[in-house]
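Order-wise, the sequence lines are chains R, X and L.
Residue numbers for the first sequence, in this note's numbering: 532 to 1144.
Residue numbers for the second sequence, in this note's numbering: 9 to 261.
Residue numbers for the third sequence, in this note's numbering: -15 to 217.
Structure record follows, encoded as structure tokens.
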Amino acid sequence: MGLLVAQLLAGLANAAALFLVASGLSLIFGVTRIVNFAHGSLYMLGAYCGYTALQYLTGPLGFWAAALAAAVAVGLFGLLVECLILRRLYKAPELFQLVATFGVVLVVQDLTLMLWGAEDLLGPRAPGLDRAVMLFGQPVPEYDLALIAVAPLVLLGLWLLMTKTRAGILIRAATQDREMVGALGINQSLLFSGVFFLGAALAGLGGALQLPKGGADLTLDLGILAPAFVVVVIGGMGSIGGAFVAAVLISVVNVFGVLYLPESTLVLMYVVMAVVLLVRPHGLFGRAELQAGPPAAGIPDRPLAPLGPRWRTAALALIGLLAVLPLIGSDFALVLATDIVVLALFAASLHFMLSLGGLISFGHAALFGGGAYAAALAVTYAETPMELALLLAPLAGGWLAFAIGWFCLRLTGVYFAMLTLAFAQLLWSLAFQWTEVTGGDDGLIGIWPAAWASDGTVYYYLTIVLGGGAILMLRHLAHSPFGYALRAARDSEKRARVSGIRVDRVRLAAMVVSGTMAGLAGGLFVFSKGSVFPSALEIARSFDALIMVFLGGVDALGGPLVGAAALTLLQDWLSRLESWRLLLGLAVIAIVLLAPTGIAGFAGRLLRRREAS
Amino acid sequence: MNAVLEVRGLSKAFGGVHAVEDLGFDLRAGERLALIGPNGAGKSTSFQMLMGELRPDAGTACFEGVDLVGMEPREIWALGVGRTFQITSVFASMTVAENVQTALQARNGQSFDPFRRARALHRDEAISLLERVGMAEQADRPASVLAYGDVKRLEFAIALAGEPRLLLMDEPTAGMAPRERHALMDLVSGIVAERGISVLFTEHDMDVVFGHADRIMVLDRGRLIADGTPDAVRADAKVRSVYLGSGAETGHA
Amino acid sequence: MLEVAAVNSFYGKAHILFDVSFSVGKGEAVALLGRNGAGKSTVLKSILQLVRPESGKVLFEGRDITRLPPHRIARLGLGYVPEERRIFADLTVSENLEVGRQPARTGLPLWTPERLFELFPNLAERRNALGGTLSGGEQQMLTIARTLMGNPRLLLLDEPSEGIAPVIVEQMARTIRALKDAGVTVLLSEQNLRFARTVAERALIIDSGHIRFDGSFVDLEADAEISASYLAV
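Rendered as structure tokens:
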């Protein structure tokens, strides 16, 4: 009995920070329709700001004042992000908004590193609340009790704000009909900025308040993101009450998971989410969006054309260069080129469903890592030869894509994106926690190519043939009737349906194709590195895929190749610099704002202009 | 005369308000039947129910003897029903010809074909369809740059690619200049006559309705209040009272 | 007070309004008549810049408001009542009114919820009900009341009599006349000629995006040709 109560209280205490982050995310989405991927970063900033504020503010009152100061500071930072970046993107396709917020994630990572250093900061205990009280014979930290009180207080505060103040009424009105609010004389930009400030401040407060429990470190940002998404999805997009209920549900399930199923704690919340979504596709308190918007990545206005003679020559030259690279390049160049081809296939597989199908996946690492782990597990436990393992990897990717697609394709746009991210995190949790099988954080090692391919040059050629072949196959598919049907479903879903296209099946098939190719990329990746770690499945890996697609240009079929080369070379070059994430993040943001067609799109446009003149 | 489409007792309510109540009519082979009425009379709801986009609360709609109720849009398409939308909808990322080719490949069950090159597939058939609607010389232009009237004609060609025997056209001339409207409807009338296609259409432009419909039905608040030849409907006092043209005498306020 | 000069508007690529020009004088009540799809709603939306005209100008009290954001136009004293009503379904009646509230304007009476509840007694009884639970007629009242909370000098009403019961239509007509008496200028779009005639003194007829007639109702009824071609079925 005592233990149960203690666990329950611990769960409720954990719910506080999660609720603060999720409610801010939900609030911002409700009014601005932007899913803020940098919300986890704001949470992390809150923790660091709170830490610094506590250096100057002491005593019981000082602690809470520091938390508030952190919240305000983070709120102001959020305001800055809104004014400088997001404000120009409210009418842009969702993909651009999301990529821009990724950029912010990268920038904040490095800024935090520069300002506070790489060391994990130990959270100070909350003065006056640093002991434990005995409840039912179990010690319960006083600070937990304080947190349990804080979450409902914030909920109450938000409820009062939303129902009793003019600002709250306007926010709720704008959530329902932004245009009408404008027509009634309300300045929308001001309202949006205000909401962004509030949402960011809530995340900052969450970060500061969990300091005594977890301290501050550089993994907080992406660590909280997936649980916060899960909470928002379970509670229903835009519902603050829903976020509260879901945060409590998840946290309580989690602490009991620790008690009874210690290996499955991370997985449990995704199981809860899956069950909720099966019963209520829009979450506990969410509502179906009335109208599906335009495709999340926008519709290109130029038809797909086969390569012109000039591009054909360029492609042939590239293939020729890749073929002779072992003769002219260093070993390092070979390693780099192998990486580029593997990443290009990974990016091309995402590009296929994202650009042609209009399906934005944020969890594409699930398919890459899934393929990688499938190959590695087969080698580790069944002594499978490399040739067979390289066949298993794409099969596993395809099957995973089928399962994820079956689940996620009922929802569209940002919901689809958030769900795919949740599924990727589910797989990551499995790889991370199921130590007996996956080796956990230590990964699976010793996955080397077969004897005939063990030479770096031979494996390089193998990668070129398989990876390059797969990329060409994807390209061919884009020009096939299937590719046209997929684009038709993206361009106009209703027109496609009444023209006899099985939209849902076409999309699922595209996901399976995409998963197969991502799985192959994962398989090639494993044998080139000789090992696989949970990082093959992590959010950052999914980000990489999106950034490559984006760098290369969404509309250009050759984009993923350009994007992969750009990202690999950029990372290789930048990683010698101290703050490469900062630079990469700024570059991504600049591209979203200035050249939204990406590098390949930009080059193509320049070339066409020159040809025209 | 045999009916292509037999609608009986079709009803739909939204939150207790009857959008369409007990709608029943026959559409005969080769007939051009117009469905008119004030805003909110239930025209769009009726259309959505016929095309499987909205499930009716009650009633049947039999196309050549097969009840469409409960079917998906694609299944209804497969029976031979084509559709154009009020807000014109084509595949914006493709050329004009590719738009029609994509519809043709769907009709031939090739939407999942991963092998062939789509650009060459059914190209000739697409061009001859485009010729028929006067769009052949624009075949290789991107659909996204077409003038509005041409998008309408392209959408019509896409619908024809499915070889429909019944066409549902939701406000085919909305958003067009008056002269273009008649040109489009003359084109539609000519093609449906030569192919024996029956047409059910809604329309706001009364010139178009009275110039191109063989028969007119008038909906008001979800109910059919008139059904007859253009002359009969024009003379109908009830129609005159609900549909603006009351002059001074018969307002309903 | 309001001048619309050679406005051309599009929805995407669809050309909806063709060189629409007209003006509304201070204290006038003008009815914009036309069939469904003639372009009435687009005219009102183009005035408020909810639809941005491709060309042409809209002047409000001598000031060019073309390209201003809608909220600035609303603050200048231009109230808009949309055809679809667009009340905030999850907000109560009182909260809906609060969204519309703007500061008082010189020379015009200040609208408060209390005064509006006098004007619309049905709303008073339901002030704490959610907007989504109101009947069609009540929603129509609420959307007008909400706009009046902004103390507009000029009220744009998009088809106020549509889809509501005849009794409520009567009440609506009285309300609009009362507003006019209180000094509010009114431009309303209508399909119901009889209703329009009871509340407005001047008529504009729009057809296929072109203004076809601009004059008094007496002149309109005398002009058999116009009546026959644009109003009759």
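Ideal placement from N, C-alpha and C gives every residue a C-beta, glycine not left out.
Legend entry - Same chain only: Cβ atoms within 7 Å of R:Leu721, ignoring 5 sequence neighbours per side: Excluding residues within five positions, none has a Cβ falling inside 7 Å.
Legend entry - Closer than 8 Å to chain X by CB, R:Leu1008: yes
Inset, instruction - Determine the DSSP secondary structure at L:Asp48, reduced to helix, strand or coil. - result: Strand at L:Asp48.
Inset, instruction - Using DSSP bridges, identify the partner residues of L:Ser173. - result: L:Leu16 and L:Asp142
Inset, instruction - Confirm, please, whether the CB-CB distance from X:Pro122 to R:Pro834 is below 8 Å. - result: no
Inset, instruction - For the region -5 to 44 of chain L, list the alpha helix (DSSP H) runs that are entirely contained and at least 4 residues long, ordered along the chain. - result: 24 to 31
Legend entry - Beta carbon proximity, R:Gln707 to chain L, threshold 8 Å: yes
Legend entry - Euclidean distance between Cα positions of R:Gly561 and R:Leu689: 14 Å
Inset, instruction - Report the option in L:Pro53, L:Gly21 and L:Val4 whose CA atom is closest to the CA atom of L:Lys41. - result: L:Val4
Legend entry - Interface partners of R:Ile771 on chain L, CB under 8 Å: Simply none; closest approach about 13 Å.
Legend entry - Rounded straight-line distance, which links the Cα of R:Val855 to that of R:Tyr990: Between R:Tyr990 and R:Val855, the C-alpha separation is close to 14 Å.
Inset, instruction - Over the uninterrupted beta strand (DSSP E) stretch that includes R:Tyr621, give me the two end residues. - result: Unbroken run through R:Tyr621: none, as it is neither H nor E.
Legend entry - beta strand (DSSP E) segment containing R:Gln669, residue limits: Gln669 to Pro672
Inset, instruction - Answer yes or no: does any C-beta atom of chain L fall closer than 8 Å to that of X:Val141? - result: no
Inset, instruction - Measure from the C-beta of X:Glu72 to each C-beta in chain R and report whether the shortest distance is under 8 Å. - result: no
Inset, instruction - Please list the partners that L:Thr26 has in chain R, where partner means a Cβ-to-Cβ separation under 8 Å. - result: What L:Thr26 touches in chain R: nothing, since even the nearest Cβ is about 15 Å away.
Inset, instruction - State buried or exposed for R:Phe1069, treating a residue as buried only when at least 16 other CB atoms are found within 10 Å of its CB. - result: Strictly speaking, residue 1069 of chain R in this sequence is Glu, with Phe absent from that position. Buried, by the Cβ-count rule.
Inset, instruction - Starting from the C-beta of L:Ala73, find all residues in its chain whose C-beta is less than 8 Å away, skip the five residues before and the five after it, and write them out in chain order. - result: By the criterion of a C-beta distance shorter than 8 Å, L:Ala73 is surrounded in its chain by Leu114, Gly115 and Gly116, once the five residues flanking it on both sides are discounted.
Legend entry - Chain-order list of residues whose beta-carbon lies under 8 Å from that of X:Asn116 (same chain, five-residue window excluded): His130
Legend entry - Closer than 9 Å at the beta carbon, the chain L residues around R:Val1063: Neighbours of R:Val1063 on chain L: none; closest Cβ ~48 Å, over 9 Å.
Inset, instruction - Please list the segments of the beta strand (DSSP E) lying wholly inside the region 886 to 974 of chain R, counting only runs of 3 or more residues, in order along the chain. - result: Given a length threshold of 3 residues, the region 886 to 974 of chain R has no whole run of the beta strand (DSSP E) inside it.
Inset, instruction - Identify the contact partners of X:Gln118 in chain R, using a Cβ-Cβ distance below 7 Å as the criterion. - result: Under the 7 Å cutoff, chain R gives Pro1012.
Inset, instruction - Compile a chain-ordered list of the residues in the region 692 to 721 of chain R whose CB is closer than 7 Å to at least one CB of chain L. - result: Arg697, Ile700, Leu701, Arg703, Ala704, Gln707, Asp708, Glu710, Met711, Val712, Gly713, Ala714, Leu715, Gly716, Ile717, Asn718 and Gln719
Inset, instruction - Locate the alpha helix (DSSP H) running through R:Ala1219, then write down its first and last residues. - result: Past the edges of chain R, shown from 532 to 1144, lies residue 1219 of chain R, and the structure says nothing about it.
Inset, instruction - Drop a sphere of 10 angstroms on the beta-carbon of X:Asp244, count the other beta-carbons inside from all chains shown, and report buried for 16 or more, exposed for fewer. - result: buried
Legend entry - Beta-bridge pairing of X:Lys20 - partner residues as DSSP gives them: X:Val28
Legend entry - Proximity below 8 Å, CB of R:Ala601 to CB of R:Gly577: Contact: yes.
Inset, instruction - Under 7 Å between beta-carbons, which chain R residues line up against X:Thr103? List them in chain order, please. - result: Residues of chain R passing the Cβ test: Pro834.
Legend entry - Interface residues of the region -4 to 18 of chain L facing chain X [CB-CB below 9 Å]: Gly(-4), Lys(-3), Ala(-2), His(-1), Ile0, Phe2, Leu17 and Gly18
Legend entry - Any C-beta of chain R under 8 Å from that of L:Ala206: no
Legend entry - Identity of the residues DSSP links to L:Val220 by a beta bridge: The structure shown has nothing for residue 220 of chain L, since chain L only spans -15 to 217.
Legend entry - Cα-Cα separation, R:Gly902 to R:Leu881: 14 Å
Legend entry - the region 93 to 100 of chain X in contact with the region 1007 to 1024 of chain R per 3-pair CB rule at 8 Å: Under the three-pair Cβ rule at 8 Å, the region 93 to 100 of chain X counts as touching the region 1007 to 1024 of chain R.
Legend entry - Reduced DSSP category for X:Phe99 - H, G, I as helix; E, B as strand; rest coil: coil
Legend entry - Cα-Cα separation between R:Gly974 and R:Ser782, rounded to whole angstroms: 27 Å
Legend entry - Below-8 Å beta-carbon distance, L:Pro97 vs any chain R residue: Cβ-Cβ to chain R under 8 Å: no for L:Pro97.
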